[in-house]
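Protein chains in written order, with the numbering used here: chain P, 8 to 319; chain E, -12 to 245.
In this text, a Cβ means the ideal position worked out from N, Cα and C, and glycines have one as well.
Data first, discussion second: the structure below is written as structure tokens.
Next up, the structure:
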């Protein structure tokens, strides 16, 4: 079938990108510093895409994504550090617990709309953070030391699976149901869509992958501290999605890549870093008010398929 | 009368101290085309909203196909077999014409979330079936040429048609049309009437129609209910309604005294 040909095209492209970067890493062409940038990029892509399914697809304005990132990070760190589980199991457990946290937050708060939902999710994310600050078992405010286990391989396949699952979800009757909620909730309801169910499903999928990102994050930076998961982190993720274009999966991927590169290089200018970063955001919003790609996918500009998909 | 498809008894709703609609009694037999008319603010759309679950009635009973549906969530009402269009068009603007219809087809599809995420065969079969069925509806409404167009880019008359196509794709037994001819010119209205008559036969539908265009209502409806100030003031055949003094007073005014 034609569609599966397109899929295999992307899969091969992804493998080539993976192999090239892996080769450069093992030959020492890419130094530790840049290897770290690539992993950070992957984490940001996973976060952007997982928030995209909540905001861009389903239209639920959640700004507490860092809360689920924190759950994934801490739970996976506990799994590896306290129980000595293998990393891959820890990623899965972290993601599942984050998804459960998403359900817990989503079921009561998704009755709210727009600004009210935003404030509620922000509040929940802060609660999650405060819980970790006050739990001595995970080191409280001082943080939890984690061994470095994240590699380019884990990060890349994390991205690959995230994009695959979310684009499969979006391009199915379930994804269409979510988009119809974004477009007009009353009409969606009248057409037989169980709106509450799909909002919660999108929320749970989004928080699941935020948990995956959290697990990779925790095992990349040697230590995790609650301060890293404050609302500023939530806004960082929100910026990827808005800058890329609400409703565009490839847009949020591209925005995550660009902004990771920008902020990595800006680290050499610590005094002016935030000013330049902010200026870039303002300029993009002035000249592309609907985001880099609007609501289109990048493939719409090339016309050879329907799925979103340049990755890394 | 006990075999009626839709049976509404003593229906009413109160918003705070305001009784928006009260004591509405109506019935519809299988296959009937019924009009619901009344001046602006009479409570027609409010009644529709109660029938479809958007509002929960504060009193009365709605029986549909032998089941009580008063106060059910809208999506559950739709799955029982009542589908509707909206007075102010509510299409999914950023979705294509085809996808708009597919959304309404959602409730009939069986493939689950897991099969879609892992792209199991049941996903492909299910999606293919949805596409085939949705395209068939588009064809009936002459919309198949627009299938990949975004709904917001359609001309107004086509958007109205798409609303009806979308409502039909939910496989209703009872179709509620809320001013389907609003804003249409005479030619478009005429085409629409023919279309309504056609789909009614084709899909064995029962239709409840809210309409301001008196020609349309009098021309195609078998029976008419008249609402005014939230109360039912008359019901009967078009001829009876035309000569009912209460209706003339409330709605038709002086214009009908020919």
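Beta-carbon gap between residue i and residue j smaller than 7 Å
| i | j | result |
| --- | --- | --- |
| residue 126/P | residue 219/P | no |
| residue 351/P | residue 104/E | Examination of residue 351/P is not possible in this model, given that chain P is present from 8 through 319 alone. |
| residue 215/E | residue 184/E | no |
| residue 169/P | residue 53/P | yes |
| residue 187/P | residue 88/E | no |
| residue 300/P | residue 255/P | yes |
| residue 298/P | residue 266/P | no |
| residue 95/E | residue 158/E | yes |
| residue 247/P | residue 21/P | no |
| residue 162/P | residue 72/P | no |
| residue -6/E | residue 37/E | no |
| residue 76/P | residue 215/P | no |
| residue 71/E | residue 199/P | no |
| residue 34/E | residue 8/E | yes |
| residue 121/E | residue 85/E | yes |
| residue 323/P | residue 204/P | Only positions 8 to 319 of chain P appear in this structure, which leaves residue 323/P out of reach. |
| residue 333/E | residue 211/E | A question about residue 333/E goes unanswered here, because the residues of chain E that appear run from -12 up to 245. |
| residue 173/P | residue 129/P | no |
For residue i, the nearest candidate out of the options (CA to CA)
| i | options | result |
| --- | --- | --- |
| residue -3/E | 47/E, -10/E, 119/E | 47/E |
| residue 67/P | 74/P, 83/P, 213/P, 30/P | 213/P |
| residue 217/E | -7/E, 24/E, 17/E, 20/E | 24/E |
| residue 152/P | 102/P, 60/P, 244/P, 143/P | 143/P |
| residue 46/P | 252/P, 238/P, 226/P, 69/P | 226/P |
| residue 154/E | 53/E, 39/E, -6/E | 39/E |
| residue 229/P | 72/P, 202/P, 156/P | 156/P |
| residue 171/P | 106/E, 89/E, 9/E | 106/E |
| residue 41/E | 9/E, 0/E, 15/E | 0/E |
| residue 85/P | 222/P, 308/P, 194/P | 222/P |
| residue 31/P | 301/P, 65/P, 70/P, 159/P | 159/P |
| residue 176/E | 187/E, 200/E, 150/E, 188/E | 200/E |
| residue 19/E | 188/E, 203/E, 60/E, 95/E | 188/E |
| residue 120/P | 65/P, 133/P, 73/P, 260/P | 65/P |
| residue 203/E | 150/E, 149/E, 3/E, 21/E | 21/E |
| residue 244/P | 48/P, 24/P, 112/P | 48/P |
| residue 242/P | 263/P, 202/P, 224/P, 231/P | 263/P |
| residue 232/P | 82/P, 60/P, 63/P | 82/P |
| residue 74/E | 108/E, 148/E, 230/E | 148/E |
| residue 55/E | -9/E, 31/E, 27/E | -9/E |
| residue 213/E | 227/E, 234/E, 207/E | 234/E |
| residue 238/P | 275/P, 139/P, 133/P, 272/P | 133/P |
DSSP three-state assignment for residue i, whether helix, strand or coil
| i | result |
| --- | --- |
| residue 3/P | Any property of residue 3/P remains undetermined from this structure, which presents chain P solely from 8 to 319. |
| residue 6/E | strand |
| residue 29/P | helix |
| residue 80/E | coil |
| residue 71/E | strand |
| residue 14/E | strand |
| residue 92/P | coil |
| residue 163/E | strand |
| residue 42/P | helix |
| residue 157/E | coil |
| residue 56/E | coil |
| residue 157/P | coil |
| residue 206/E | helix |
| residue 246/E | It is not possible to answer for residue 246/E, since the shown part of chain E is limited to -12 through 245. |
| residue 179/P | coil |
| residue 221/E | strand |
| residue 304/P | coil |
| residue 87/E | helix |
| residue 275/P | coil |
| residue 8/P | In this prediction, residue 8/P scores a pLDDT of 48, lower than 50, which makes its location untrustworthy; no coordinate-derived value is stated. |
| residue 37/E | helix |
| residue -5/E | strand |
Residue i: first and last residue of the uninterrupted alpha helix (DSSP H) it sits in
| i | result |
| --- | --- |
| residue 141/E | Per DSSP, residue 141/E belongs to no alpha helix (DSSP H) and is neither H nor E. |
| residue 96/E | Counting along the chain, residue 96/E falls outside any alpha helix (DSSP H), and DSSP gives it neither H nor E. |
| residue 237/E | Segment: none, residue 237/E is in no alpha helix (DSSP H) and carries neither H nor E. |
| residue 125/E | 108 to 127 |
| residue 225/P | 202 to 225 |
| residue 192/P | 192 to 197 |
Residue range of the beta strand (DSSP E) that includes residue i
| i | result |
| --- | --- |
| residue 21/E | 20 to 24 |
| residue 212/E | 210 to 215 |
| residue 137/P | Segment 121 to 140 is the alpha helix (DSSP H) holding residue 137/P; no beta strand (DSSP E) there. |
| residue 289/P | From DSSP, residue 289/P is part of no beta strand (DSSP E) but of the alpha helix (DSSP H) over 280 to 294. |
| residue 200/E | Residue 200/E -> no beta strand (DSSP E), and no H or E assigned at all. |
| residue 174/E | Per DSSP, residue 174/E belongs to no beta strand (DSSP E); it is in the alpha helix (DSSP H), 173 to 189. |
Cβ contact (3+ pairs, closer than 8 Å) linking the segment 191 to 209 of chain P and the segment 33 to 50 of chain P: The answer is no - the segment 33 to 50 of chain P does not touch the segment 191 to 209 of chain P, with fewer than three Cβ pairs under 8 Å.
Any 3 or more C-beta pairs closer than 8 Å across the segment 118 to 135 of chain E and the segment 165 to 173 of chain E: Touching, no, given that fewer than three Cβ pairs across the two stretches are closer than 8 Å.
Validate contact between the segment 156 to 163 of chain E and the segment 187 to 207 of chain E using beta carbons, cut 8 Å, 3 pairs: Short answer: they touch.
At least 3 beta-carbon pairs within less than 8 Å: the segment 74 to 84 of chain E vs the segment 137 to 150 of chain E: Because the criterion of three Cβ pairs below 8 Å is met, the segment 74 to 84 of chain E and the segment 137 to 150 of chain E touch.
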